[in-house]
Amino acid sequence: MNMNVALPGLTLKNPIMPASGCFGFGKEFAQFYELSDLGAVIMKAATAEKRFGNDTPRVAEASSGMLNAIGLQNPGVEGIIKEEIPFLKEHGMPIIANVAGGTVDEYVEVAEKISEHVDALELNISCPNVKEGGVQFGTDAGLAEDVTRRVVEASHVPVYVKLSPNVTDIITMAKAVEVAGASGLSMINTLTAMRIDPKTRKPILSNKTGGLSGAAIKPVSIRMIHQVYEAVNLPIIGMGGIESAEDVIEYLLAGASAVAVGSANFKNPLICKEIIDELPNTLQKYGFTSVEEVIGGAHDESTENRVFRS
5 MNMNVALPGL TLKNPIMPAS GCFGFGKEFA QFYELSDLGA VIMKAATAEK RFGNDTPRVA
65 EASSGMLNAI GLQNPGVEGI IKEEIPFLKE HGMPIIANVA GGTVDEYVEV AEKISEHVDA
125 LELNISCPNV KEGGVQFGTD AGLAEDVTRR VVEASHVPVY VKLSPNVTDI ITMAKAVEVA
185 GASGLSMINT LTAMRIDPKT RKPILSNKTG GLSGAAIKPV SIRMIHQVYE AVNLPIIGMG
245 GIESAEDVIE YLLAGASAVA VGSANFKNPL ICKEIIDELP NTLQKYGFTS VEEVIGGAHD
305 ESTENRVFRS
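End of the sequence shown = 314 in the working numbering, gap-free, step of one.
So this is what it looks like as structure tokens:
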């Protein structure tokens, strides 16, 4: 079974990678399996300076998912370059750096520094859990286009833009970042949500709102990827509630070229490895001979099976 996927800046041995923020920098998961089995790794977000994130509680359970409001906790771009990337490079798989910021200049600063050390960037303009930056860039097409163009100009590697689902028209946002020179898309980030504790009568999260992820958002993500695949000519890394090889095939049929596994890593640290092992038999079950054969299969002949290579 041919599991390879070729994308701008990325040659993947399989389409499975952990989603940013759900895998740290890989050190804990390296105790469970060899990281080189992964198609790629998307690191936790990097900001210009070290961030300690939001006050606790920062995580809450939800039906078929979870809420988080971590607030982009990370050791800062210099710390990531010095302490985290060398460890990941020992394992030999492609590395994607998630870039975040509060201003356009901060995004540019982080992208310029970290892009010298990784294979691609994931531009995070969609985090709902920080007070400045983040989702404001991901919900305004003009701001999204501006920050994407500036980061593309400053980067040494292809830039994949992570889109927010918290918009009325996802196609407008996808077209804006395509015009700005993005090499691909990541879809989708979490949905803004809230839970309230009946005993205290207050929101459970200290940030009040958080990002809903997990199986609950999978149908939303599938719908948006299907829409965007037909509207722009960019490869898509799909994410949102992926827990099995069957889920992966659904995402590929919608138009994703690869997928990122997020919340499921918290329930089962072996989930990425298990899906990689399960995928060949599942592809064969549905009559496919390669991963690329599946991509866009839910669309008509005018848009299906596009292949994006660097």
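Here a beta-carbon is modelled for each residue, glycine too, at the ideal position from N, C-alpha and C.
- In the three-state reduction of the DSSP assignment, ILE246 falls in the coil class, being assigned neither a helical nor a strand state.
- Fewer than three Cβ pairs drawn from the region 39 to 55 and the region 64 to 71 lie within less than 8 Å of each other, which leaves the two stretches out of contact.
- Straight-line measurement puts the Cα of LEU283 at about 26 Å from the Cα of ALA101.
- If you look at GLU65, you'll find it in the beta strand (DSSP E) that goes 63 to 66.
- Spanning the alpha carbons of ARG227 and SER248 requires a straight line of approximately 18 Å.
- Taking a C-beta distance under 7 Å as the contact criterion, ALA104 and LEU76 qualify as a contact pair.
- Per DSSP, MET228 is one residue of the alpha helix (DSSP H) stretching across 222 to 235.
- Cβ contact annotation for ARG62 (same chain, cutoff 8 Å, sequence separation greater than five): ASN72, ALA73, ILE74, GLY75, LEU209, SER210, ASN211, GLY214, in chain order.
- For ALA158, the closest of GLU120, HIS230, ALA148, LEU189 by C-alpha to C-alpha distance is GLU120.
- By the criterion of a C-beta distance shorter than 7 Å, SER267 is surrounded in its chain by CYS26, GLY69, MET70, SER217, GLY218, once the five residues flanking it on both sides are discounted.
- In the structure shown, the three-state DSSP call for ARG199 is coil.
- The Cβ atoms of ASP123 and ILE99 lie closer than 7 Å to each other.
- If you draw a straight line from the Cα of LEU147 to the Cα of ASP281, it is about 41 Å long.
- Beta-bridge partners assigned by DSSP to TYR164: GLU126, GLY188.
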